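Step one of this worksheet: look at the structure below.
Here it is in structure tokens:
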């Protein structure tokens with residue numbers, strides 16, 4: 001994999017002005033983005049998140065998942081901290097792509113859970129890769145992180161790429177009556193670290 005830095009621009013948001021850094025994977029032609037907020041130096045322990053693209057949740061306000069809620073909360077937390085980053089990776093549907101994600105949703109409408117649906121389509125439960133994060137983080141000067149995630153695979157990916165995860169910060173938001181089963185499946189079958197508090201507090 002070859003990650004090429006392209007350009008940086010300002011990104012005004014409801015939570016403040018972020019810097020948006022564009023990257024291209026020259027092998028796959030996929031485009032990824034890093035958002036940064038505040039001044040970051042190599043010695044800082046930086047609050048951040050790895051976020052995989054979710055068009056339905058991030059842009060179309062879907063309640064089937066918690067992705068959009070997590071992205072917005074991460075941006076707000078970073079702005080409140082005065083410093084941080086988000087790696088926005090183009091890995092829709094845990095890596096199966098948008099159209100296959102819609103096919104998986106159709107199977108879920110028929111009773112399959114999110115893991116079973118992917119497997120019925122011939123995919124692994126999670127197809128995402130994280131080997132692009134090292135050059136992206138090097139470009140934005142991040143080597144030590146407080147990682148906002150419930151997913152142990154993201155912590156492991158950071159560590160495997162030589163990034164020190166000083167702390168895992170839970171990001172348990174967005175539960176509602178449409179995604180409660182999905183969240184439980186992520187916990188029981190994908191190993192996401194979620195507390196009973198996440199499931200018992202009714203946010204519908």
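In the UniProt record's numbering, the protein residues as written are 1 to 204. Ideal Cβ placement from N, Cα and C applies to all residues, glycine included. None of these values were measured; they are calculated from a predicted model.
Burial state of residue i (16 or more Cβ within 10 Å)
i: residue 157; result: buried
i: residue 61; result: exposed
i: residue 166; result: exposed
i: residue 131; result: exposed
i: residue 53; result: buried
i: residue 117; result: buried
i: residue 175; result: buried
i: residue 36; result: buried
i: residue 31; result: exposed
i: residue 98; result: exposed
i: residue 84; result: buried
Rounded straight-line distance, which links the Cα of residue j to that of residue i
i: residue 9; j: residue 103; result: 35 Å
i: residue 16; j: residue 79; result: 6 Å
i: residue 205; j: residue 142; result: Outside the displayed range of the chain (1 to 204) lies residue 205, so it cannot be described from this structure.
i: residue 135; j: residue 120; result: 34 Å
i: residue 205; j: residue 24; result: Lying before the first or after the last residue shown, residue 205 is absent from the chain, which here runs from 1 to 204.
i: residue 94; j: residue 39; result: 31 Å
i: residue 194; j: residue 150; result: 6 Å
i: residue 115; j: residue 186; result: 8 Å
i: residue 202; j: residue 73; result: Low local confidence applies: a pLDDT of 45 at residue 202 is under 50, so the model's placement there is unreliable, with the coordinate-based value given in what follows. Spanning the two alpha carbons is a distance of roughly 18 Å.
i: residue 128; j: residue 7; result: 25 Å
i: residue 163; j: residue 33; result: 18 Å
i: residue 169; j: residue 59; result: 24 Å
i: residue 100; j: residue 122; result: 10 Å
i: residue 125; j: residue 11; result: 33 Å
i: residue 204; j: residue 57; result: Low per-residue confidence applies at residue 204: pLDDT is 37, beneath 50, and the placement is therefore not dependable enough to give any value.
i: residue 112; j: residue 50; result: 27 Å
i: residue 155; j: residue 46; result: 14 Å
i: residue 19; j: residue 44; result: 17 Å
i: residue 3; j: residue 91; result: 15 Å
i: residue 146; j: residue 105; result: 32 Å
i: residue 192; j: residue 173; result: 13 Å
Residue i - partner residues in DSSP beta bridges
i: residue 34; result: 21 and 87
i: residue 168; result: 147
i: residue 16; result: 13
Enclosing beta strand (DSSP E) for residue i [first to last residue]
i: residue 6; result: 3-13
i: residue 48; result: 45-52
Terminal residues of the alpha helix (DSSP H) in which residue i lies
i: residue 148; result: Taken as a continuous stretch (DSSP letters only), residue 148 belongs to no alpha helix (DSSP H), being part of the beta strand (DSSP E) at 144-148.
i: residue 105; result: 98-109
i: residue 117; result: 114-120
i: residue 160; result: 152-160
i: residue 75; result: 67-81
i: residue 136; result: 133-139
i: residue 92; result: 92-95
beta-carbon residue i near the ligand FAD non-hydrogen atom, thresh 7 Å
i: residue 115; result: Among the components of this structure there are no ligands whatsoever, and the ligand FAD is therefore not found.
Point to revise | At least 3 beta-carbon pairs within less than 8 Å: the stretch 172-179 vs the stretch 55-71 | key: yes
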